[in-house]
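Report on the following structure.
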């Protein structure tokens with residue numbers, strides 16, 4: 020799989036389908052990231068856990084570029100604060116787990132809208148988000164998604180997913196929800212989709 024800087028990636032799937040494991044696996048493969056972790060589920064080896072934006076930026080300048088952010092509760096104001104930290108960085112990925120906590124089909128925080136519209140391209144950064152359904156992702160993000168990772172979707176597809184032009188997307192409904200397999204598609208001219216997996220479980224989770 021090829022997840023480049025300047026791209027937006029979306030991980031979708033029902034609960035316990037393997038979505039969080041893939042999220043953790045990608046963190047383990049990434050050297051420069053800010054990860055917003057509202058459920059305190061993620062912790063790759065070598066990551067640091069800053070308590071404030073100032074501490075995060077100091078860590079970054081000291082070479083600690085794998086950062087997990089945990090706030091209890093992780094409010095919209097906290098999201099804004101940490102997204103602004105990401106907005107000061109270059110060649111960095113922003114990972115947001117459970118992005119539906121702050122976003123819906125009809126609502127997106129201004130700070131995320133700005134990051135999607137300007138920061139990803141102009142600062143050579145990437146965004147990776149995880150949610151349950153396509154309908155939980157705002158169009159501002161979904162229409163600019165470059166990489167799709169789609170696990171078992173349950174019994175029913177939502178209307179938004181039906182509108183996505185992914186080759187052979189019907190295979191999502193055929194996947195065993197316990198298989199940790201997913202449909203991967205990179206939205207470039209002439210690309211095809213492929214079923215990948217099972218997701219490798221990171222060593223620190225075994």
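Residue numbers (our numbering): 20 to 225. Heads up, the beta-carbon is just placed ideally off N, CA and C, and yes, glycines get one too.
List the endpoints of the continuous beta strand (DSSP E) containing residue i.
{"i": "residue 190", "result": "It is not in any beta strand (DSSP E) - residue 190 carries neither H nor E in the DSSP assignment."}
{"i": "residue 76", "result": "Premise fails: residue 76 lies in the alpha helix (DSSP H), 72 to 80, not in any beta strand (DSSP E)."}
{"i": "residue 40", "result": "Careful: residue 40 lies outside any beta strand (DSSP E), inside the alpha helix (DSSP H) at 38 to 47."}
{"i": "residue 85", "result": "85 to 88"}
{"i": "residue 207", "result": "No beta strand (DSSP E) holds residue 207; DSSP gives it neither H nor E."}
{"i": "residue 161", "result": "It is not in any beta strand (DSSP E) - residue 161 instead sits in the alpha helix (DSSP H) that spans 158 to 161."}
{"i": "residue 168", "result": "166 to 169"}
Work out the CA separation of residue j and residue i for me, nearest whole Å.
{"i": "residue 139", "j": "residue 161", "result": "14 Å"}
{"i": "residue 40", "j": "residue 219", "result": "8 Å"}
{"i": "residue 165", "j": "residue 91", "result": "31 Å"}
{"i": "residue 204", "j": "residue 83", "result": "31 Å"}
{"i": "residue 225", "j": "residue 45", "result": "16 Å"}
{"i": "residue 195", "j": "residue 171", "result": "7 Å"}
{"i": "residue 307", "j": "residue 115", "result": "For residue 307 there is no data in the structure shown, the boundaries of the chain being 20 and 225."}
{"i": "residue 81", "j": "residue 69", "result": "13 Å"}
{"i": "residue 169", "j": "residue 21", "result": "15 Å"}
{"i": "residue 105", "j": "residue 141", "result": "13 Å"}
{"i": "residue 30", "j": "residue 150", "result": "6 Å"}
{"i": "residue 146", "j": "residue 49", "result": "12 Å"}
{"i": "residue 157", "j": "residue 221", "result": "30 Å"}
{"i": "residue 188", "j": "residue 181", "result": "9 Å"}
{"i": "residue 173", "j": "residue 77", "result": "43 Å"}
{"i": "residue 206", "j": "residue 159", "result": "16 Å"}
{"i": "residue 215", "j": "residue 95", "result": "34 Å"}
{"i": "residue 184", "j": "residue 107", "result": "34 Å"}
{"i": "residue 101", "j": "residue 75", "result": "9 Å"}
Apart from the five residues on each side of it in sequence, which residues of its chain come closer than 7 Å, Cβ to Cβ, to residue i?
{"i": "residue 177", "result": "152, 153, 154"}
{"i": "residue 57", "result": "93, 116, 117, 120"}
{"i": "residue 143", "result": "24, 25, 109, 110"}
{"i": "residue 87", "result": "54, 56, 61, 62, 66, 68"}
I'd like the span of the alpha helix (DSSP H) that includes residue i, first residue to last.
{"i": "residue 178", "result": "178 to 181"}
{"i": "residue 67", "result": "Unbroken run through residue 67: none, as it is neither H nor E."}
{"i": "residue 230", "result": "There is simply no residue 230 to check, as the chain begins at 20 and stops at 225 in what is shown."}
Quick one: what's got a C-beta closer than 6 Å to residue i's C-beta in the same chain, skipping five residues either side?
{"i": "residue 65", "result": "85"}
{"i": "residue 211", "result": "186"}
{"i": "residue 127", "result": "157, 159"}
{"i": "residue 28", "result": "22, 147, 166"}
{"i": "residue 223", "result": "64"}
{"i": "residue 202", "result": "169, 190, 191, 212, 214"}
Cβ of residue i within 7 Å of Cβ of residue j?
{"i": "residue 53", "j": "residue 134", "result": "no"}
{"i": "residue 190", "j": "residue 111", "result": "no"}
{"i": "residue 130", "j": "residue 99", "result": "yes"}
{"i": "residue 47", "j": "residue 72", "result": "no"}
{"i": "residue 89", "j": "residue 59", "result": "yes"}
Can you pull the DSSP bridge partners for residue i?
{"i": "residue 145", "result": "112"}
{"i": "residue 215", "result": "201"}
{"i": "residue 120", "result": "In the DSSP output, where bridge partners are listed per residue, residue 120 has none listed."}
{"i": "residue 55", "result": "88, 115"}
{"i": "residue 150", "result": "31"}
{"i": "residue 126", "result": "123"}
Return the chain-ordered list of same chain residues with a C-beta closer than 8 Å to the C-beta of residue i, the five sequence neighbours on each side being excluded.
{"i": "residue 217", "result": "37, 198, 199, 200"}
Any heavy atom of the ligand ATP inside 6 Å of the beta-carbon of residue i?
{"i": "residue 119", "result": "This structure does not include the ligand ATP; it has no bound ligands of any sort."}
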